[in-house]
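There are 2 protein chains.
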Amino acid sequence: MVNGDGEDRADALFHALADRTRRDIMRRVLAGESSVSALAAKYEMSFAAVQKHVAVLEKAGLLTKRRSGREQLASGDVEAVRSVASMLTELEQVWRGRIARIDELIASDSTKEG
Amino acid sequence: MVNGDGEDRADALFHALADRTRRDIMRRVLAGESSVSALAAKYEMSFAAVQKHVAVLEKAGLLTKRRSGREQLASGDVEAVRSVASMLTELEQVWRGRIARIDELIASDSTKEG
DNA sequence: ACAACGTACAACCATTTGGTTGTATATTGG
DNA sequence: CCAATATACAACCAAATGGTTGTACGTTGT
Numbered sequence: 268m269v270n271g272d273g274e275d276r277a278d279a280l281f282h283a284l285a286d287r288t289r290r291d292i293m294r295r296v297l298a299g300e301s302s303v304s305a306l307a308a309k310y311e312m313s314f315a316a317v318q319k320h321v322a323v324l325e326k327a328g329l330l331t332k333r334r335s336g337r338e339q340l341a342s343g344d345v346e347a348v349r350s351v352a353s354m355l356t357e358l359e360q361v362w363r364g365r366i367a368r369i370d371e372l373i374a375s376d377s378t379k380e381g
Numbered sequence: 268m269v270n271g272d273g274e275d276r277a278d279a280l281f282h283a284l285a286d287r288t289r290r291d292i293m294r295r296v297l298a299g300e301s302s303v304s305a306l307a308a309k310y311e312m313s314f315a316a317v318q319k320h321v322a323v324l325e326k327a328g329l330l331t332k333r334r335s336g337r338e339q340l341a342s343g344d345v346e347a348v349r350s351v352a353s354m355l356t357e358l359e360q361v362w363r364g365r366i367a368r369i370d371e372l373i374a375s376d377s378t379k380e381g
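Protein chains in written order, with our numbering: chain C, 268 to 381; chain B, 268 to 381.
Next up, the structure:
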């Protein structure tokens, strides 16, 4: 029953990034490994709330966790960030196609006019 | 009372893109102008539902509408798409900083070892 | 004039989201 | 062993989301 195509993943990635706390967490864990409690200390919300944000990012594949003693160290996955960027590049390519078609029209018009 | 900083805008942009129907609408309106009803015809949901998706994209600045008679023609804004891509590039830069710091550590270690 | 079309918007509903508190479990330090 | 720490997770709640139907209104073509 899994959709399989990348749309589910795209949903998860964009959704995960559509929250400023989660984007801020991403900045921190991309800059360096950080325990969940170290992250939680940075925000004015409960530990559990931050834990949930980290879980959303982890499910989306934007960060990974590694256990070290009683701590869980989170680390940002830059490849996942790049995969989102490439989705946007694909969107931009669609737009380039539109421009190319407009250019063709202009070219054929000037043929008539020339 | 408006937050002013780009975080509100980033929230709106990522949220708008976190839905496959809206991403699909973006592909269509980036490829070329399309009326709301022409868009609605492409999806198995009510006209009103599609209208709401278009409104979300418009509020986020990802598309603009232009009236033409009784039709409302939507067109994708590639600059907005690029602005989202650049936010991701900034995230990637944070990660590059991490790597640079790691490289510095390695360099200072080999100084000791050399 | 008027029927059909394209759009806008309100009211409603089920589900998801983002937060809370409380409880349980594993690890560490003395 | 025991207290403190770090995490996990369930239950709960208000608000937002994504969908529906129904109604209203401007535009167009005959």
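Backbone N, C-alpha and C define an ideal beta-carbon position, used for all residues, glycine too.
Legend entry - beta strand (DSSP E) segment containing residue 341 (chain B), residue limits: Note, residue 341 (chain B): beta strand (DSSP E), 338 to 343.
Inset, instruction - List the residues of chain C that residue 293 (chain B) touches, going by C-beta distances under 9 Å, in chain order. - result: Within chain C, the residues near residue 293 (chain B) are 358 and 361.
Legend entry - Contact list for the stretch 283 to 311 of chain B against chain C, Cβ threshold 8 Å: So the list reads 284, 285, 286, 287, 290, 293, 294, 297, 298 and 299, given in the order they occur along the chain.
Inset, instruction - Within 10 angstroms of the Cβ of residue 301 (chain B), are there 16 or more other Cβ atoms? Answer buried if so, exposed if not. - result: With 16 or more Cβ atoms within 10 Å of its Cβ, residue 301 (chain B) is classed as buried.
Inset, instruction - Report yes or no: do three or more beta-carbon pairs, one from the stretch 327 to 340 of chain C and one from the stretch 280 to 287 of chain C, lie closer than 8 Å? - result: A contact exists between the stretch 327 to 340 of chain C and the stretch 280 to 287 of chain C.
Inset, instruction - State the CB to CB distance for the pair residue 287 (chain B) and residue 278 (chain C), rounded to an integer number of angstroms; the pair is presumed to be in contact (CB under 8 Å). - result: Correct: roughly 6 Å between the Cβ atoms.
Inset, instruction - Taking a Cβ distance cut-off of 7 Å, strictly less, list which residues of the stretch 316 to 331 of chain C are near chain B, in chain order. - result: Per Cβ criterion, the list is empty.
Inset, instruction - Tell me whether residue 272 (chain B) is buried or exposed, calling it buried when 16 or more other Cβ atoms sit within 10 Å of its Cβ. - result: Only exposed fits residue 272 (chain B), as fewer than 16 other CB atoms lie within 10 angstroms of its CB.
Inset, instruction - Name, in chain order, the residues that DSSP records as bridge partners for residue 383 (chain C). - result: Residue coverage of chain C in this structure runs from 268 to 381, which leaves residue 383 (chain C) outside it and unanswerable.
Inset, instruction - For residue 371 (chain B), count neighbouring Cβ atoms within 10 angstroms of its own Cβ and tell me buried if that reaches 16, exposed if not. - result: With fewer than 16 Cβ atoms within 10 Å of its Cβ, residue 371 (chain B) is classed as exposed.
Inset, instruction - Measuring only between beta-carbons, confirm whether residue 338 (chain C) sits less than 8 Å from chain B. - result: Between residue 338 (chain C) and chain B, the shortest Cβ-Cβ separation is not below 8 Å.
Inset, instruction - Give the secondary structure of residue 350 (chain C) by DSSP, where H, G and I count as helix, E and B as strand, and everything else as coil. - result: In the structure shown, residue 350 (chain C) sits in a helix (DSSP, three-state: H, G or I).
Inset, instruction - Determine, using beta carbons only, whether residue 371 (chain C) comes closer than 8 Å to chain B. - result: It does not: the Cβ of residue 371 (chain C) has no partner Cβ on chain B nearer than 8 Å.
Legend entry - Test: residue 333 (chain C) CB closer than 8 Å to a CB of chain B: Output row for residue 333 (chain C): interface = no.
Inset, instruction - Mind listing the chain B neighbours of residue 278 (chain C)? Cutoff is C-beta to C-beta under 8 Å, in chain order. - result: Residues of chain B passing the Cβ test: 285, 286 and 287.
Inset, instruction - Leaving out five residues on either side along the sequence, give the residues of the same chain with a beta carbon under 8 Å from the beta carbon of residue 318 (chain B). - result: Cβ neighbours of residue 318 (chain B) beyond the five flanking positions: 303 and 307.
Inset, instruction - Give the residues of chain B in contact with residue 314 (chain C), contact being defined as C-beta atoms less than 8 Å apart. - result: Within 8 Å Cβ-Cβ: nothing; residue 314 (chain C) doesn't reach chain B, min ~23 Å.
Legend entry - residue 293 (chain B) - containing alpha helix (DSSP H), residue span: Unbroken alpha helix (DSSP H) run through residue 293 (chain B): 287 to 298.
Legend entry - residue 315 (chain C) - containing alpha helix (DSSP H), residue span: Per DSSP, residue 315 (chain C) belongs to the alpha helix (DSSP H) from 314 to 326.
Inset, instruction - Give a yes or no on whether the minimum CB-CB distance between residue 269 (chain C) and chain B is below 8 Å. - result: Residue confidence is low: residue 269 (chain C) scores 49 on pLDDT, short of 50, so the model does not pin down where it sits. Its coordinate-derived value is still stated next. For residue 269 (chain C), not one C-beta of chain B is nearer than 8 Å to its own C-beta.
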